[in-house]
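Below: the structure, in structure tokens.
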Amino acid sequence: MIAQEADNPSIFTKYIESFKWEEILHNITNIVIDLVLISIFFLILRSVGKAIINHLFSNYANKQNSNISSNRMKTLHSLSMNAYMYMLVFFWIYSSLTIIGVPIGTLLAGAGLFSVAIGLGAQGLASDVINGFFILFEKQINIGDYVTIGDVTGTVSELGLRTTKIRSNNDALNFIPNRNITSICNMSKERMKAEINIRVNPDTPITKVMNIIKDVNDQYVPKTEGIIDDPQLLGTVDMGDGTIAVKEFIPTTDEARFDVQFEFLQLYLEAIKAAGIKLPNNKVISDISKG
């Protein structure tokens with residue numbers, strides 16, 4: 016009986032022996048070789064494309080008559096590189112699946128749950144890309160800008176097709192999908208306001224202090240670079256802690272706001288002290304606000 020079973024192989028054994036192993040191994044070898052070659056080809060395209068994009072942006076940035084800011088140039092450079100990489104990855108995946116024998120066209124044209132899943136994923140991707148495009152087109156933010164998006168505040172480190180990267184104040188890198196960006200507070204736009212609050216005593220001659228500030232402005236504003244409009248002297252305001260202050264806004268460029276703030280705060284304090292007016296010892300505050 017045992018000898019008879021040895022002479023008659025099982026169905027599984029017959030099934031295994033029916034495979035044309037030499038042909039299968041040959042096909043697998045060809046597929047692997049094709050995948051390696053196509054991957055090498057796309058790696059070459061990646062290196063060449065990156066070199067070309069870097070060269071083009073470097074040449075344009077070095078032009079003397081370039082009217083695009085450095086932050087704007089970095090943003091366009093990052094987005095161009097990002098778009099090129101996404102395009103390469105898409106075509107590499109498509110080519111690899113085609114080599115393996117996956118019917119991409121049939122799958123994309125077919126209906127069912129798979130198509131619905133692809134559609135939902137594509138919808139989210141499309142929302143990211145479209146929102147990212149409008150953020151770039153409307154110049155809402157650039158790389159290097161100091162912004163607040165949702166509950167994240169920090170410096171824009173990268174603006175991509177799908178995500179925006181924000182380096183927060185604690186040095187954490189935040190990845191925000193572009194579709195989730197509904198409002199942006201950009202504190203690095205060209206027009207800013209140096210906000211100066213000089214706290215005063217209840218018995219301080221406010222009118223005299225304001226006249227001193229106006230005299231300082233008349234003398235120094237025309238000589239100071241970076242001031243783009245007349246200072247706005249608002250008068251006294253309640254600081255919310257039982258004290259009052261004389262508030263002033265000085266419209267400035269983004270680059271000059273800190274210099275203007277420190278310079279004019281010092282000028283005001285020196286002029287007020289020279290006039291014999293005493294101010295609270297520790298009640299001088301100076302802030303920066305968005306214009």
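Quick note, my numbering runs 15 ahead of the 1-based positions in the sequence shown.
Note that the Cβ used here is the ideal one computed from N, Cα and C, for glycine as well.
The structure displayed is predicted, hence computed values, not measured ones.
Using C-beta distances below 7 Å, list every residue in its chain close to residue i, excluding the 5 sequence neighbours before and after it, in chain order.
{"i": "Ile287", "result": "Val224, Ile227, Leu294"}
{"i": "Ile46", "result": "Ile114, Ile115"}
Return the residue from the list the options that minimises the CA-CA distance to residue i.
{"i": "Asp186", "options": "Ser172, Ile115, Arg272", "result": "Ser172"}
{"i": "Met254", "options": "Arg194, Ser93, Gly241, Ile211", "result": "Ile211"}
{"i": "Arg272", "options": "Lys208, Asp245, Asp233", "result": "Lys208"}
{"i": "Leu248", "options": "Lys229, Gln234, Asn195", "result": "Lys229"}
{"i": "Tyr99", "options": "Ala66, Glu285, Arg214", "result": "Ala66"}
{"i": "Thr179", "options": "Phe190, Phe106, Asp49", "result": "Phe190"}
{"i": "Gly147", "options": "Glu263, Leu91, Gly257, Gly64", "result": "Leu91"}
{"i": "Ile242", "options": "Asp274, Leu40, Asn74, Leu151", "result": "Asp274"}
{"i": "Phe149", "options": "Leu176, Asn201, Ser54", "result": "Leu176"}
{"i": "Met202", "options": "Gly169, Leu58, Leu174, Gly64", "result": "Gly169"}
{"i": "Thr239", "options": "Leu188, Ile221, Leu50, Glu270", "result": "Glu270"}
{"i": "Leu94", "options": "Thr267, Pro217, Asn69, Trp107", "result": "Asn69"}
{"i": "Pro246", "options": "Trp107, Phe279, Phe72", "result": "Phe279"}
{"i": "Asn74", "options": "Ser62, Met88, Arg61, Glu285", "result": "Met88"}
{"i": "Val252", "options": "Ile221, Ile55, Tyr101", "result": "Ile221"}
{"i": "Asn97", "options": "Leu174, Pro192, Val261, Thr113", "result": "Leu174"}
{"i": "Val231", "options": "Gln281, Asp49, Asn184, Leu188", "result": "Gln281"}
{"i": "Ser142", "options": "Pro192, Leu103, Asp160", "result": "Pro192"}
Pull up the distance between the alpha-carbon of residue i and that of residue j, whole angstroms please.
{"i": "Leu52", "j": "Val117", "result": "18 Å"}
{"i": "Leu128", "j": "Tyr109", "result": "Confidence is the limiting factor: at Leu128 the pLDDT is only 46, short of 50, which leaves the residue's position unreliable, though a coordinate-based value still follows. About 20 Å."}
{"i": "Tyr283", "j": "Arg214", "result": "12 Å"}
{"i": "Glu263", "j": "Tyr235", "result": "15 Å"}
{"i": "Phe105", "j": "Asp244", "result": "50 Å"}
{"i": "Thr219", "j": "Gly257", "result": "15 Å"}
{"i": "Thr197", "j": "Ile39", "result": "54 Å"}
{"i": "Phe277", "j": "Val144", "result": "42 Å"}
{"i": "Asn266", "j": "Arg194", "result": "It should be noted that the sequence gives Pro, not Asn, for residue 266. Answer to the nearest angstrom: the Cα atoms are 33 Å apart."}
{"i": "Ile259", "j": "Arg182", "result": "36 Å"}
{"i": "Gln79", "j": "Phe152", "result": "With a pLDDT of only 48 at Gln79, under 50, the local geometry of the prediction cannot be trusted, and the value read off the model is given with reservation. Rounded to the nearest angstrom, the two C-alpha atoms are 24 Å apart."}
{"i": "Leu60", "j": "Trp107", "result": "11 Å"}
{"i": "His41", "j": "Asp49", "result": "12 Å"}
{"i": "Ile114", "j": "Thr44", "result": "12 Å"}
{"i": "Ser304", "j": "Met102", "result": "Below a pLDDT of 50, predicted positions are generally treated as unreliable, and Ser304, at 43, falls in that range; the measurement from the model is reported next regardless. Each residue's alpha carbon lies about 41 Å from the other."}
{"i": "Ser54", "j": "Ser62", "result": "12 Å"}
{"i": "Glu37", "j": "Leu58", "result": "32 Å"}
{"i": "Asp166", "j": "Thr268", "result": "26 Å"}
{"i": "Gly64", "j": "Pro237", "result": "49 Å"}
Using DSSP bridges, identify the partner residues of residue i.
{"i": "Gly250", "result": "Lys262"}
{"i": "Leu188", "result": "Arg182"}
{"i": "Ile242", "result": "Thr267"}
{"i": "Asn201", "result": "Val162"}
{"i": "Val215", "result": "Ile259"}
Are the C-beta atoms of residue i and some chain B residue less than 8 Å apart?
{"i": "Ser198", "result": "Given the protein chain composition of this structure (a single chain), no chain B is represented."}
Only counting the same chain, and skipping five residues up and downstream in sequence, which positions put a Cβ closer than 8 Å to that of residue i?
{"i": "Asn296", "result": "none"}
{"i": "Ile199", "result": "Ile150, Gln155, Ile156, Val162, Thr163, Ile164"}
{"i": "Ala290", "result": "Lys223, Ile227"}
{"i": "Asn216", "result": "Lys293, Leu294, Pro295"}
{"i": "Ile158", "result": "Asn86, Lys89, Thr90, Ser93, Val171, Ser172, Glu173, Leu174"}
{"i": "Asn184", "result": "Thr168, Gly169"}
{"i": "Gly250", "result": "Ile221, Met225, Val261, Lys262"}
{"i": "Phe72", "result": "Met88, Leu91, His92, Ser95"}
{"i": "Leu188", "result": "Ser172, Lys180, Ile181, Arg182"}
{"i": "Glu309", "result": "Lying outside 16 to 306, the shown extent of the chain, residue 309 is not represented and no answer is given."}
{"i": "Ala126", "result": "Here the model assigns Ala126 a pLDDT of 48, short of 50, so the residue's position is not dependable and the matter cannot be decided."}
Can you find a heavy atom of the ligand NAD that lies under 7 Å from the Cβ of residue i?
{"i": "Thr90", "result": "The ligand NAD is absent from the structure shown, which contains no ligand whatsoever."}
Practice prompt. At 3 residues or longer, and completely inside the region 148 to 177: list those beta strand (DSSP E) runs for me, N to C.
Written response: 161 to 164, 167 to 174
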